[in-house]
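>
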Amino acid sequence: MARSVLGQRDDAVRLAIEAAGSGPDRTAVRIAAVALALGFPTTAAAALEGRTLSRGRDWAMAAEIAFRTGRFSDAKAALDAAAAAGYEHELVRRLRARLASERRILEPGWRPRLDPRAERLDAVRGRVLHLLTNSLPDTQAGYTLRSQQVARSQRAAGLDPHMATRAGYPGDLGRRAQPEEDVDGIPYHRMLPDLVAGPLPDRTLARNAEAAADLVESLRPAAIQPASNHRNAQVALALRDRFGLPVVYEVRGFLEETWLSHQGDGGASSERYLLSRQAETGCMLAAQLGFEGGDVVVGYVSTLNAYEGVRHLIEAVALLRDRRGPGRRAGRVRALVVGDGPERPPLEELARSLAMTGRDPIAIFTGRVPYAEIARYYSVIDVFVVPRTASRVAQLVTPLKPYEAMAMERALVVSDVDALREIVEEGATGVAFRAGDSGHLADVLEPLVDDPGRRAELGRAARAWVLENRTWEANGRRYRQIFEALGAA
3 MARSVLGQRD DAVRLAIEAA GSGPDRTAVR IAAVALALGF PTTAAAALEG
53 RTLSRGRDWA MAAEIAFRTG RFSDAKAALD AAAAAGYEHE LVRRLRARLA
103 SERRILEPGW RPRLDPRAER LDAVRGRVLH LLTNSLPDTQ AGYTLRSQQV
153 ARSQRAAGLD PHMATRAGYP GDLGRRAQPE EDVDGIPYHR MLPDLVAGPL
203 PDRTLARNAE AAADLVESLR PAAIQPASNH RNAQVALALR DRFGLPVVYE
253 VRGFLEETWL SHQGDGGASS ERYLLSRQAE TGCMLAAQLG FEGGDVVVGY
303 VSTLNAYEGV RHLIEAVALL RDRRGPGRRA GRVRALVVGD GPERPPLEEL
353 ARSLAMTGRD PIAIFTGRVP YAEIARYYSV IDVFVVPRTA SRVAQLVTPL
403 KPYEAMAMER ALVVSDVDAL REIVEEGATG VAFRAGDSGH LADVLEPLVD
453 DPGRRAELGR AARAWVLENR TWEANGRRYR QIFEALGAA
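Numbering-wise (the working numbering), the sequence shown opens with residue 3 and increments by one.
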């Protein structure tokens, strides 16, 4: 590893892997430890590949290596092995907490929780609040120069841009900053500039969102414009939830691709990379579909057959919009229908006939979506509705889609057919309506549309239930109970 100190990185990596491959397990472990200490986690991972680990501290190191190379499931398994070997050092507990936190912020649809504001914000027309990672004058890079030019161009166009940097900046660079600074005529706001971020990103983002909410109350912007990466966008979406402000996500680059460029061949399949890409695309999707700040999205994912009852979902949304009128605080109610099938043309025609204007459609139809992309559509939906009719097939067969929605903490509303009632504890993990009754569905949806806190409560309870009762692992335990009762296991 001395070559790495001299800048001969490629040679150092090659020699380390060769030495690990030709030596015993303990030698490989020592080489992995040195590689990790020098900042070469992919080399450390290669050194341990195929090796037998017996000591708890070695498993703990393997967990750190897996975490740094983005392999979250491998990191958890290694931490469990370390614990099983009796190694519960403080560093292991900290890594377990970091792993859970990092994984949490990459879950589809995750963002910091902010309670909704009771009254509409008296926004200043034309004022835009930008959420940035860093800025001039402390950081000079393409990102920060672009921020300044964007602000100048907006000001020249008659807008009023205000730039806000993430919590902890520029204190983490060693400079104390005032709450507001002027950079060549552009106001920059420093949110909690001296915050020590700590190792748990979900907690840091929660603090960031609270500080940003205070700034919104003070500045009263009419729109929020976060710039890459998804953490800024997640804070912006939390502000949208609270204030009903539109969000324009400025995608300047994909930092997960930069991270990938420093990884080995397995980086593209790592959970960090895949989940980061998913988080980025989820933040972009709402804008691509045409949803705006304050919109409450009521959706369903399915093949569009008649027995799915999607017409009742569309009719219920139309009824809600008629009841609420254009001026309600919580914004528009919109339907999102993901999928394709024989009923799509008549459903689209129904949505057009019920819409008040062509510019404000009741429903957005995506058509068929690849299964690998479905999760990001769930992240856009606020209330997931399964509007199946009382047909025989709907009474007998439970679809998988509501389980997926529950796992993603979506508030769940189902028709009261037998196959769906068995998965919902009324008022706790979901709410039921009379199958085939669009008016009753609108009645059930209305309080959820107006109460983000209630939606979040139902979503959390639904996720807890499905993880306890409807995972494949839980199914396996149930199978075993059945076979044991039959005397076959």
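From the three backbone atoms N, C-alpha and C, an ideal C-beta is built for every residue, glycine too. Quantities reported herein were computed from a predicted structural model and do not represent experimental measurements.
Quick one: which unbroken beta strand (DSSP E) runs of 3-plus residues sit fully inside the segment 170-255? Chain order, please.
Here the runs fully enclosed are 182-185, 188-192, 225-228.
> May I ask you to list the residues that DSSP assigns as paired with residue 165?
Against the sequence shown, residue 165 aligns to sequence position 163. The partner list for residue 165 (beta bridge, DSSP) reads 132, 190.
> Let me know if residue 290 comes out buried or exposed under the rule of 16 or more other beta-carbons within 10 Å of its beta-carbon.
Start at 1 with the first residue of the sequence shown, and residue 290 comes out as number 288. When all chains shown are included, residue 290 counts as exposed.
> Do you know whose CA, among 162, 435, 103, 128, lies nearest residue 202's CA?
To locate residue 202, count along the sequence shown from 1; it is residue 200. The residue with the shortest Cα to Cα distance from residue 202 is 103.
> For the beta strand (DSSP E) that contains residue 386, what are its first and last residues?
Within the sequence shown, numbered from 1, the residue matching residue 386 stands at position 384. Unbroken beta strand (DSSP E) run through residue 386: 385-388.
> Mapping the DSSP letters down to three states, classify residue 94 as helix, strand or coil.
As a working mapping, residue 94 is identified with position 92 in the sequence shown. It is helical.
> Contact between the segment 457-473 and the segment 399-409: three or more CB pairs below 8 angstroms?
Yes, the segment 457-473 touches the segment 399-409.
> Given a threshold of 16 other Cβ atoms within 10 Å of its Cβ, counted over all protein chains shown, does residue 178 qualify as buried or as exposed?
Walking along the sequence shown from the start, residue 178 turns up at place 176. That one is exposed.
> Using a beta-carbon distance below 8 angstroms, is residue 291 in contact with chain B?
Among the protein chains of the structure shown there is no chain B, as only one such chain exists.
> What did DSSP end up calling residue 424 once you bin it into helix, strand or coil?
Sequence index remark: in the sequence shown, residue 424 carries index 422 (1-based). Coil at residue 424, not helix or strand.
> Quick check: what's the CA-CA separation for residue 53 versus residue 27?
Counting from 1 along the sequence shown, the entry for residue 53 is found at position 51. Counting from 1 along the sequence shown, the entry for residue 27 is found at position 25. Taking the straight line from one Cα to the other gives about 6 angstroms.
> Distance, Cα to Cα, residue 248 vs residue 240?
The sequence position of residue 248 within the sequence shown is 246, counting from 1. The sequence position of residue 240 within the sequence shown is 238, counting from 1. Approximately 11 angstroms between the Cα atoms of the pair.
> If you draw a straight line from the C-alpha of residue 258 to the C-alpha of residue 231, how long is it?
Looking up residue 258 in the sequence shown gives position 256. Looking up residue 231 in the sequence shown gives position 229. For residue 258, the predicted structure reports a pLDDT of 43, less than 50, and the residue's modelled location is therefore unreliable. A value from the coordinates is still provided. The alpha-carbon atoms of residue 258 and residue 231 are separated by roughly 9 angstroms.
> Who are residue 417's beta bridge partners in DSSP?
The residue given as residue 417 occupies position 415 in the sequence shown. Residue 417 is bridged to 435.
> Assess, as a yes-or-no matter, whether the segment 57-74 is touched by the segment 27-47 under the definition of 3 or more beta carbon pairs within less than 8 angstroms.
The segment 27-47, when compared against the segment 57-74, does touch it at the 8 angstroms Cβ threshold.
> From residue 301 to residue 322, what distance separates their C-alpha atoms?
Reading the sequence shown from its first residue, position 299 is the one you call residue 301. Reading the sequence shown from its first residue, position 320 is the one you call residue 322. C-alpha separation (whole angstroms): 14 angstroms.
> Compare the beta carbon distance of residue 138 and residue 166 with 8 angstroms and say whether it is the shorter of the two.
Locating residue 138 in the sequence shown gives position 136, counting from the first residue. Locating residue 166 in the sequence shown gives position 164, counting from the first residue. No, the pair does not count as a contact, with Cβ atoms beyond the cut-off.
> Nearest to residue 128 by alpha carbon, out of 121, 157, 287, 107?
For the purposes of this step, residue 128 is identified with residue 126 of the sequence shown, where counting begins at 1. Closest option to residue 128, Cα to Cα, is 157.
> Can residue 306 and residue 363 be called in contact, C-beta distance under 8 angstroms?
Against the sequence shown, residue 306 aligns to sequence position 304. Against the sequence shown, residue 363 aligns to sequence position 361. The answer is no: Cβ separation not under 8 angstroms.
> Using 8 angstroms for Cβ pairs, my map puts residue 415 next to residue 446. What's the rounded Cβ distance?
The residue you call residue 415 lines up with position 413 of the sequence shown. The residue you call residue 446 lines up with position 444 of the sequence shown. Right, their Cβ atoms sit about 6 angstroms apart.
> Could you give the uninterrupted runs of the alpha helix (DSSP H) lying entirely in the segment 296-327, keeping only those of 4 residues or more?
Here the runs fully enclosed are 312-326.
> What does the alpha-carbon distance come out to for the pair residue 487 and residue 419?
Position 485 of the sequence shown, counted from the first residue, corresponds to residue 487. Position 417 of the sequence shown, counted from the first residue, corresponds to residue 419. Spanning the two alpha carbons is a distance of roughly 29 angstroms.
> Out of 95, 191, 429, 97, which has the shortest C-alpha to C-alpha gap to residue 136?
Walking along the sequence shown from the start, residue 136 turns up at place 134. The option with the nearest alpha carbon to residue 136 is 191.
> In three-state DSSP terms, what is residue 81?
Numbered from 1 along the sequence shown, position 79 holds the residue referred to as residue 81. DSSP places residue 81 in helix when its eight states are reduced to three.
> Would you identify the three-state DSSP class for residue 293, choosing helix, strand or coil?
Position 291 of the sequence shown, counted from the start, is the residue given in the question as residue 293. Residue 293: coil per DSSP, three-state reduction.
> Please report the residue range of the beta strand (DSSP E) in which residue 338 lies.
As a first step, residue 338 must be located in the sequence shown, where it is residue number 336. Residue 338 -> beta strand (DSSP E) spans 335-340.
> What whole-angstrom Cβ distance do residue 234 and residue 133 have, given they're in contact under 8 angstroms?
Sequence index remark: in the sequence shown, residue 234 carries index 232 (1-based). Sequence index remark: in the sequence shown, residue 133 carries index 131 (1-based). Right, the Cβ-Cβ distance comes to about 4 angstroms (below 8 angstroms), so this counts as a contact.
> Suppose you measure from the CA of residue 292 to the CA of residue 46; what does that come to, to the nearest Å?
Here residue 292 is taken as the residue at index 290 of the sequence shown, counted from 1. Here residue 46 is taken as the residue at index 44 of the sequence shown, counted from 1. So the two alpha carbons sit approximately 46 angstroms from each other.
> Ordered along the chain, which non-local residues of its own chain (more than five positions away) have a Cβ less than 7 angstroms from that of residue 395?
As a position in the sequence shown, residue 395 is number 393, starting the count at 1. So the list reads 309, once near-sequence residues are dropped.
> With DSSP as the reference, identify every bridge partner of residue 2, one or two as the case may be.
The question about residue 2 has no answer here: the residues shown for the chain are numbered 3 through 491.
> Can you tell me which of 437, 287, 298 puts its alpha carbon nearest to the alpha carbon of residue 245?
Position 243 of the sequence shown, counted from the start, is the residue given in the question as residue 245. If we check each option's Cα against that of residue 245, 298 comes out closest.
> Assuming the contact rule is C-beta atoms closer than 8 angstroms, residue 238 and residue 223 should be a hit. Round their C-beta distance to whole Å, please.
Position 236 of the sequence shown holds residue 238. Position 221 of the sequence shown holds residue 223. In fact, because the Cβ distance is near 11 angstroms, the residues do not count as touching under 8 angstroms.
> Closest by CA to residue 116, which one among 186, 216, 187?
As a first step, residue 116 must be located in the sequence shown, where it is residue number 114. Nearest C-alpha to residue 116: 216.
> When you compare each of 365, 404, 451 to residue 304 by their alpha carbons, which one comes out closest?
Locating residue 304 in the sequence shown gives position 302, where the first residue counts as 1. It is 404.
> List the DSSP bridge partners of residue 365.
The residue you call residue 365 lines up with position 363 of the sequence shown. Beta-bridge pairing links residue 365 to 337.
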